[in-house]
Amino acid sequence: MNRTGLFIALALSVVFGLLFGLYPELDLKIAALFYDATAKTFPLKTATWAMIARDGAMWIAWALVMPALAALVVKLVRPVKPLMISGRAMVFLIVTMLLSAIIISNVIFKGYWGRPRPVVVTEFNGKLDFMPWWDPRGACPKNCSFFSGEGATAFWTYAPAALTPPAWRPVAYVAATAFGLVTGGLRMAFGGHFFTDVLFSGIASFLVIWLAYAFIYRWPSTRLTDYGIDVALTRFAWPGYRWMQKRLGKDVGETPRIRPGGEVGSQLPSS
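Per our numbering, residue 1 is the first one in the sequence shown, and the count goes up by one each step.
If you want it as structure tokens, here you go:
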């Protein structure tokens, strides 16, 4: 997650954004490679192996974030215990997954950017007019084409790649890129997305991850610590935990102090 990666992502967005903005028919030509004009369908969308691969890709992505989700749940239920994994890694993985795969792609863009999917445009035996990537005025009512939510989820694997040991990060980034491209390619083959939908899903995910990594790990003014996250979660979860323990006949007292290293000590100050 260095500046070189950021410059590459921004350069790709500018170059391909302009190219497909000036020549939007390129999206149609690429989509046509997966379309059977005789059968008037995208044949791969009914292939069993392709559907299994599509579902498997999503399972892989979500499996990578599950340790972070499990650590958060355990901490909220048992705040007396230290976090099971690095607090910064937990926050980084969960926040980037929520932003890239759910909020930005599915809630913000796909709900309001009315670009129809390839499978429903007139060029591929559909009823809606094709729209270039930059134009949100398409007739798609909901769950539209721009940009790919599954592509964003697959490209989110840049996040766990960023947490691998430095010597392995180049390989991890290449693997994440390949995973995103293959997953996005399947969506294109199904007629679910255009090339630019997949491209910008990858760029959006990368930018979210780059900014989150800088915010949590790199920038001195915003940098978080594992200790600080552990303390904050303990403060947040302790009232509910104390209430539950009282119902079981045990008062665990005010919020305890969490010493660096995860040890539970005396009470935290109330301020």
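Every residue gets a Cβ at the ideal spot worked out from N, C-alpha and C, and that includes glycine. Only a predicted model underlies this, so the values are computations on that prediction, with no experimental measurement involved.
Item: Under 7 Å Cβ to Cβ from TRP134, same chain only, skipping five residues before and after it: list those, please.; Value: GLY21
Item: Just verifying my parser: in three-state terms, what is the DSSP assignment at SER270?; Value: Caution applies to SER270, whose pLDDT of 43 falls short of 50 and renders its modelled position unreliable; the value that the coordinates give is listed next. Coil at SER270, not helix or strand.
Item: Within this structure, are the beta carbons of THR96 and ILE209 separated by less than 8 Å?; Value: yes
Item: Do PHE155 and SER105 have their CB atoms nearer than 8 Å?; Value: no
Item: Could you tell me which of PHE147, ARG115, PHE179 and GLU123 sits nearest to ARG137, measuring between CA atoms?; Value: ARG115
Item: Threshold first: 4 residues or longer. Then list the alpha helix (DSSP H) segments lying entirely within the segment 113 to 175, N to C.; Value: 149 to 155 and 158 to 162
Item: Check whether the segment 236 to 249 touches the segment 121 to 128, taking contact to mean three or more Cβ pairs, one atom from each stretch, closer than 8 Å.; Value: no
Item: Per DSSP, what are the beta-bridge partners of THR196 in this structure?; Value: DSSP output for THR196 lists no bridge partner at all.
Item: So, under 8 Å CB-CB, ALA101 and ALA68 are touching, yes? Tell me the CB distance rounded to an integer number of Å.; Value: That belief does not hold up - the Cβ atoms of ALA101 and ALA68 are roughly 14 Å apart, past 8 Å.
Item: One question on the structure: do ALA172 and THR183 come within less than 8 Å of each other, judged by their Cβ atoms?; Value: no
Item: Counting only the same chain and skipping the five closest in sequence on each side, list residues whose C-beta sits under 6 Å from that of LEU199.; Value: PHE16
Item: Considering only C-alpha positions, which residue in the set LEU248, ILE216, LEU233 and ARG247 is nearest to PHE92?; Value: ILE216
Item: Would you report the Cα separation of ASP226 and SER86, rounded to the nearest angstrom?; Value: 6 Å
Item: DSSP three-state label for ASP251, please.; Value: coil
Item: In the DSSP output, what is LEU36 paired with across the bridge?; Value: The sequence shown places Asp at residue 36, not Leu. Looking at the DSSP assignment, ASP36 forms a beta bridge with THR41.
Item: Report the rounded CA-to-CA distance for LEU19 versus ILE203, giving the unit in angstroms.; Value: 16 Å
Item: Could you check whether ILE94 and VAL73 sit closer than 8 Å to each other, using their CB atoms as the reference points?; Value: no
Item: Of the choices ARG187, PRO82, GLU25 and ILE103, whose alpha-carbon is the least far from that of MET51?; Value: ARG187
Item: Report buried or exposed for GLY151, applying the criterion of at least 16 other Cβ atoms within 10 angstroms of its Cβ.; Value: buried
Item: Note the first and the last residue of the continuous alpha helix (DSSP H) segment covering PRO67.; Value: 48 to 77
Item: Rounding to the nearest angstrom, what Cα-Cα distance links TRP219 and MET131 in this structure?; Value: 40 Å
Item: Among the residues of its own chain, which have a CB less than 6 Å from the CB of SER271, if the five just before and after it don't count?; Value: Unreliable positioning characterises SER271 in this predicted model, as indicated by a pLDDT of 37, which lies under 50. A coordinate reading is not provided.
Item: In terms of residue numbering, what span does the alpha helix (DSSP H) encompassing SER100 cover?; Value: Premise fails: SER100 is in no alpha helix (DSSP H) and is neither H nor E.
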